[in-house]
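Worksheet: the structure to be examined is printed underneath.
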Amino acid sequence: MALNINQQLAGTTLIVDEMPGRINGDDENPPGRILHLDAAGRTVWETTVLKMPYDAIPLEDGTYLANIIRDKSVWQVARDGQRILRISVGGYPCSTQLLATGDILVAGWDYDLPGFVRQFDSRGHVQWCCENLKWPWKAERLDSGNTLIADAGNRRVFEVDMNGETVWEVDGLGPESPALWESLGPVYCQRLADHNTLVSIRGLSRVVELDASGRIVWEIDNRILKQQYSAVRLKNNNTLIADGGNFRVIEVNPQKQIVWEMSDLGYPAKAYRFK
Numbered sequence: 102m103a104l105n106i107n108q109q110l111a112g113t114t115l116i117v118d119e120m121p122g123r124i125n126g127d128d129e130n131p132p133g134r135i136l137h138l139d140a141a142g143r144t145v146w147e148t149t150v151l152k153m154p155y156d157a158i159p160l161e162d163g164t165y166l167a168n169i170i171r172d173k174s175v176w177q178v179a180r181d182g183q184r185i186l187r188i189s190v191g192g193y194p195c196s197t198q199l200l201a202t203g204d205i206l207v208a209g210w211d212y213d214l215p216g217f218v219r220q221f222d223s224r225g226h227v228q229w230c231c232e233n234l235k236w237p238w239k240a241e242r243l244d245s246g247n248t249l250i251a252d253a254g255n256r257r258v259f260e261v262d263m264n265g266e267t268v269w270e271v272d273g274l275g276p277e278s279p280a281l282w283e284s285l286g287p288v289y290c291q292r293l294a295d296h297n298t299l300v301s302i303r304g305l306s307r308v309v310e311l312d313a314s315g316r317i318v319w320e321i322d323n324r325i326l327k328q329q330y331s332a333v334r335l336k337n338n339n340t341l342i343a344d345g346g347n348f349r350v351i352e353v354n355p356q357k358q359i360v361w362e363m364s365d366l367g368y369p370a371k372a373y374r375f376k
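Position in the sequence shown counted from 1, then plus 101, gives you my numbering.
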């Protein structure tokens, strides 16, 4: 019996290293790296031919979706890294979520354009959008149909319904004057099973868990982190963090102890552990 995609991915770790050479002072070489590891830490798949990848999703057929910053698009790539499909998104794609419909939800921005969250079908047509944001770094479609957004330039995480109306918001998350790149507000958010929200605030080197009222119920800060990007709560209640300023990905337990680490990365933007 063939394994479904969740069974195939169980226990594996996917790391998107936007600029692997940064640790050696060279942002251009190699151009970018996506690394997929099995539960034992062995390489399942790796490519170093993509220019500035920023997010990635493994697909059922063994290919991957990859956000390509330099191309302002989302690609479907074969295992040799060659492009199969390209969807232009109109700006730098910071995050992508594959929806149950097969559409993709993309958060992005450009220097001369407001930030956006857009839902694209397979032909690249926009099916839904939330516009006029400022450096939105992450968007997550929730089971309710609402969309959770980390709006880094506006120091907030908020939830909108399908009509674009804000139904939940926490602001004041980040430096007083957000700026690219080290002084950004929230760059990643995740709605947890208990309805709390995990938020990564890059400009403060801080990850916080917020309850529905916006109260902080757990956090980890710059005593361990340095200018991190994604932070994902795992099924075992640990948190997987792309700790970019420290050139590593770490897994920490609720007591903030590092229980797993992959170091010698360049500029890790995303890290996922599949259940």
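Note that beta-carbon positions come from the ideal geometry of N, C-alpha and C, so glycine has one too. Quick caveat: nothing in here was measured; it's all calculated off a predicted structure.
Next on the checklist: Taking its Cβ as the centre, do 16 or more other Cβ atoms sit within 10 Å of Gln-183, making it buried, or is it exposed?
Outcome noted: exposed
Item to check | Arg-134 versus Ile-321, Tyr-165, Asn-233 and Asn-255, residue with shortest Cα-Cα distance | outcome: Tyr-165
Next on the checklist: Between Leu-366 and Ile-124, how many whole angstroms is the CB-CB distance? I'm expecting something under 8 Å.
Outcome noted: 7 Å
Checklist entry - What are the boundary residues of the beta strand (DSSP E) that Thr-340 is part of? => result Counting along the chain, the unbroken beta strand (DSSP E) around Thr-340 starts and ends at 340-344.
Checklist entry - Which word fits Lys-371, buried or exposed, when buried means at least 16 other C-beta atoms lie within 10 angstroms of its C-beta? => result buried
Checklist entry - In three-state DSSP terms, what is Ile-158? => result Strand.
Item to check | Opening and closing residue of the beta strand (DSSP E) in which Asp-262 lies | outcome: No beta strand (DSSP E) holds Asp-262; DSSP gives it neither H nor E.
Next on the checklist: So if DSSP puts Val-333 in a beta bridge, which residue, or which two residues, is it bridged to?
Outcome noted: Leu-341
Checklist entry - If we call anything under 7 Å between Cβ atoms a contact, is Lys-239 one with Ala-208? => result yes
Checklist entry - Using the C-alpha atoms, what's the distance from Lys-376 back to Ser-331? => result 17 Å
Checklist entry - Going by the CB atoms, is the gap between Glu-129 and Tyr-155 shorter than 7 Å? => result no
Item to check | Cut-off 7 Å between Cβ atoms - residues of its own chain near Trp-146, not counting five sequence neighbours on either side | outcome: His-137 and Arg-180
Next on the checklist: Whole angstroms are fine: how far does the CA of Phe-259 sit from the CA of Ile-321?
Outcome noted: 21 Å
Next on the checklist: Applying the 10 Å Cβ sphere with the 16-neighbour rule, what's the burial state of Met-153?
Outcome noted: buried
Checklist entry - Pro-287 lies in the beta strand (DSSP E); which residues open and close that run? => result 287-292
Next on the checklist: Across the segment 264-272 and the segment 342-356, are there enough close Cβ pairs to call them in contact, namely three or more that are closer than 8 Å?
Outcome noted: no
Checklist entry - Using the beta-carbon count (16 or more within 10 Å), is Trp-176 buried or exposed? => result buried
Item to check | Cβ-based burial, Tyr-368 [other Cβ within 10 Å; buried from 16] | outcome: Counting the other CB atoms within 10 Å of its CB gives Tyr-368 a total of 16 or more, which places it among the buried residues.
Checklist entry - DSSP puts Tyr-212 in a beta bridge; with which residues? => result BP columns for Tyr-212 are empty, so no partner.
Checklist entry - Can you tell me the Cα-Cα spacing of Ser-245 and Leu-151, whole angstroms? => result If you draw a straight line from the Cα of Ser-245 to the Cα of Leu-151, it is about 35 Å long.
Checklist entry - Hey, would you say the C-beta of Ala-251 is under 6 Å away from at least one heavy atom of the ligand ADP? => result What this structure holds is no ligand at all, so the ligand ADP is not there to describe.
Item to check | For Asn-130, three-class secondary structure by DSSP | outcome: coil
Checklist entry - Given Ser-278, which residues of its chain have a CB within under 8 Å of its CB, disregarding the five upstream and five downstream residues? => result Ser-284
Checklist entry - Looking only at C-alpha atoms, which of Leu-299, Leu-234 and Asp-204 sits nearest to Leu-434? => result One cannot answer for residue 434 here, as it falls past the ends of the chain, which runs 102 to 376.
Checklist entry - Among residues of its own chain, excluding the 5 on either side of Thr-113, which ones have a beta-carbon nearer than 7 Å to its beta-carbon? => result His-137, Leu-138, Asp-139, Ala-140, Val-145 and Phe-375
Next on the checklist: Taking 7 Å as the limit between beta carbons, can you name the residues of its chain near Pro-131, skipping five residues before and five after?
Outcome noted: Pro-121, Gly-122 and Thr-149
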